[in-house]
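Please read the structure below before turning to the comments.
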Amino acid sequence: MDEKERIAACLCGDGEEFRQIVTEYQGPLTALAVNMLGNRQDAEDVCQETLVQAFLHLDRYDPCLSFRNWLFTILYRRALDLLKRKRRFRAFFSRAAADPLRPAYAEPDESGSDSKALGVLLDRLSPRERLAAALWANEGLTAAEIAGVLGCSASTARVYLFNARRKIKVLMEKGNVALGNR
Amino acid sequence: MSHSGIVDGLYRMIPLRAVRGRLAAHAEACPSCGRRLAGREEVKRVLISAADLGRLDDIWPAVRKGSAGRRETGAETAGPAPRLWRLAAAAGGLAAAIFLTAFAVRYFGAGANGALIPAESGGGFQLHYARIDERPADTFIVQSPGDNIVLVWVEKNL
Ligand SMILES: [Zn+2]
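Same order as they appear, the protein sequences are chains A and B. For the first sequence, position 92 (counting from the first letter as 1) is numbered 92 according to our numbering, and the numbering increases by one without interruption. Going from the second sequence to our numbering is simple: count from 1 and add 1000.
Here it is, written out as structure tokens:
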């Protein structure tokens, strides 16, 4: 059974077929979220929420488009939403408290990064640049497809990707990001 | 200055996205400019891939349960709420967050005489679940090191 047939079966039946979709996409979705958010705990939460949303709204998926990219779009929006809420949360407490508090809920640049290289990237690249880079390098998406996921023009997606690749190159040349250290 | 240096300089000097998009498109296709950008394999090596994650838990039961719960409450089928209602819901969520924060500070932070109550032996504060309007809410916990104070922020998931 191919993916389109599986989706049709999910829509007609009890959804048990969706299990295969979860198994297939859990890894790529979690990795994408780790690259964007910087820590695995948040990434796993966002991945699970993405799959819940996809399962609930499977009837809204347009079979003419890539199912994988549809999942990436949901994931991107959830991850961006989480980053915004974390920023609001931090702003609230920095106003409310005289002494800065250390969040137990790890911020990307503090702990929980999956690699030293990613820690450096989190400091230098914006979440959109990291996502564009991950979609391009890990998933093989074109600038036009990245634009579809990010909901921006292809030109803007190209700028995110260019910035990401340029910054990574500079970091590598300066030795901040070592190749082959993982 | 080299050709790619000029492209790089123009890119930095002109912050217009349309112009930068064109320069980025040029750099993608130009071998000389392309050398200033990390290649696909180089980018791959500094990012996390699915293979780096190791074995993952089976989340299908949680996905199934989560979606069934929302179908039951109608939270995901009611369509977009009117703007005013969404604002009221956001205000309600914020009020709940402030209430819970105040509650947490009072309950975990100070005794009747204002003295700090020691944290329960054996570790930090844990909160397993929080719901607002019958939906799972986003929860953030701040525990200041050294003090027995826990702040709980619960925000409505709009
Ligand atoms: Zn060139």
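Backbone N, C-alpha and C fix where the C-beta goes; we use that ideal spot for every residue, glycine too.
Please report the straight-line C-alpha distance between L37 of chain A and G1005 of chain B, rounded to a whole angstrom.
Using only the alpha carbons, I get a separation of about 33 Å.
Do we get a CB-CB distance below 9 Å when we pair I1132 of chain B with the residues of chain A?
False, the Cβ-Cβ gap to chain A never drops below 9 Å.
Among A:V120, A:L29, A:K167, which one has its Cα closest to the Cα of A1038 of chain B?
Of the candidates A:V120, A:L29, A:K167, the one whose C-alpha sits nearest the C-alpha of A1038 of chain B is A:K167.
So with CB distances below 9 Å, who are the chain A contacts of R1005 of chain B?
Per the sequence shown, the amino acid found at residue 1005 of chain B is Gly instead of Arg. None at all; the shortest Cβ gap to chain A is about 13 Å.
If we ignore side chains and look at the alpha-carbon of each, how far apart do V34 of chain A and L135 of chain A end up?
Distance between the alpha carbons of V34 of chain A and L135 of chain A: 12 Å.
Buried or exposed for Q1126 of chain B, please, with buried defined as at least 16 other CB atoms from any protein chain shown within 10 angstroms of its CB.
Flag for Q1126 of chain B reads exposed.
Rounded to whole angstroms, what is the Cα-Cα separation between C1033 of chain B and R124 of chain A?
Rounded to the nearest angstrom, the two C-alpha atoms are 21 Å apart.
Can you look up V46 of chain A in the DSSP assignment and give me helix, strand or coil?
Correct three-state label for V46 of chain A: helix.
Pop quiz: I1132 of chain B and K1156 of chain B are said to be a contact at Cβ under 8 Å. What is the actual Cβ separation, rounded to whole angstroms?
With a Cβ gap of about 5 Å, I1132 of chain B and K1156 of chain B count as contacting.
Beta carbon of E16 of chain A, beta carbon of I1059 of chain B: below 9 Å?
No, the pair does not count as a contact, with Cβ atoms beyond the cut-off.
Can you determine whether any heavy atom of ligand 1 sits closer than 8 Å to the C-beta of A1027 of chain B, and answer yes or no?
Yes; taking the cut-off as 8 Å, the Cβ of A1027 of chain B has a heavy atom of ligand 1 nearer than that.
Return the first residue and the last residue of the alpha helix (DSSP H) that T30 of chain A is part of.
Run containing T30 of chain A: 18-37, per the alpha helix (DSSP H) assignment.
Quick one: what's L1151 of chain B bridged to in DSSP?
BP columns for L1151 of chain B point to B:V1142.
I want to verify the contact list: residues of chain B whose CB lies under 7 Å from the CB of F89 of chain A, in sequence order.
Per Cβ cutoff of 7 Å: F1140, W1153.
Verify whether the separation of the beta carbon atoms of V46 of chain A and S1067 of chain B is less than 9 Å.
In this structure, S1067 of chain B does not lie closer than 9 Å to V46 of chain A by Cβ.
Would you kindly work out how many angstroms separate the C-alpha atoms of R130 of chain A and L121 of chain A, rounded to a whole number?
Cα to Cα, R130 of chain A sits roughly 8 Å from L121 of chain A.
Going straight from the alpha carbon of V1152 of chain B to that of K84 of chain A, what length do you get?
Each residue's Cα considered, the two are about 18 Å apart.
Thinking C-beta only, is G1021 of chain B closer than 9 Å to S126 of chain A?
No, the pair does not count as a contact, with Cβ atoms beyond the cut-off.
Cβ of V1019 of chain B versus every heavy atom of ligand 1: is any distance shorter than 8 Å?
Answer for V1019 of chain B: no, Cβ out of range of ligand 1.
If the criterion is Cβ atoms closer than 9 Å, does the pair A1027 of chain B and V1007 of chain B meet it?
Contact flag set, yes.
In three-state terms, what does DSSP make of R68 of chain A?
Note: R68 of chain A maps to helix in three-state DSSP.
Checking 9 Å against the spacing of the C-beta atoms, do E173 of chain A and R68 of chain A come in under that value?
No, the Cβ-Cβ distance between E173 of chain A and R68 of chain A is not below 9 Å.
Which value, in whole angstroms, describes the spacing of the CA atoms of R1017 of chain B and V159 of chain A?
For R1017 of chain B and V159 of chain A, the distance between alpha carbons rounds to 7 Å.
Answer with yes or no whether the minimum CB distance from L1010 of chain B to chain A is below 9 Å.
Not one chain A Cβ lies under 9 Å of L1010 of chain B.
First and last residue of the alpha helix (DSSP H) that includes E129 of chain A?
Unbroken alpha helix (DSSP H) run through E129 of chain A: 127-137.
For P1061 of chain B, does the three-state DSSP call read helix, strand or coil?
DSSP places P1061 of chain B in helix when its eight states are reduced to three.
Closer than 7 Å by beta-carbon distance: list the chain B residues that pair up with T156 of chain A, in chain order.
Correct list: R1017, G1021.
Can you tell me which of the three DSSP states I7 of chain A falls into?
Helix at I7 of chain A.
What does L1056 of chain B touch in chain A if you count any residue whose Cβ is under 7 Å from its own?
Those within 7 Å of L1056 of chain B in chain A are Q26, G27, T30.
State yes or no: is the C-beta of V1032 of chain B nearer than 8 Å to some heavy atom of ligand 1?
Checking the sequence shown, residue 1032 of chain B turns out to be Ser, not Val. Yes, Cβ of S1032 of chain B sits closer than 8 Å to a heavy atom of ligand 1.
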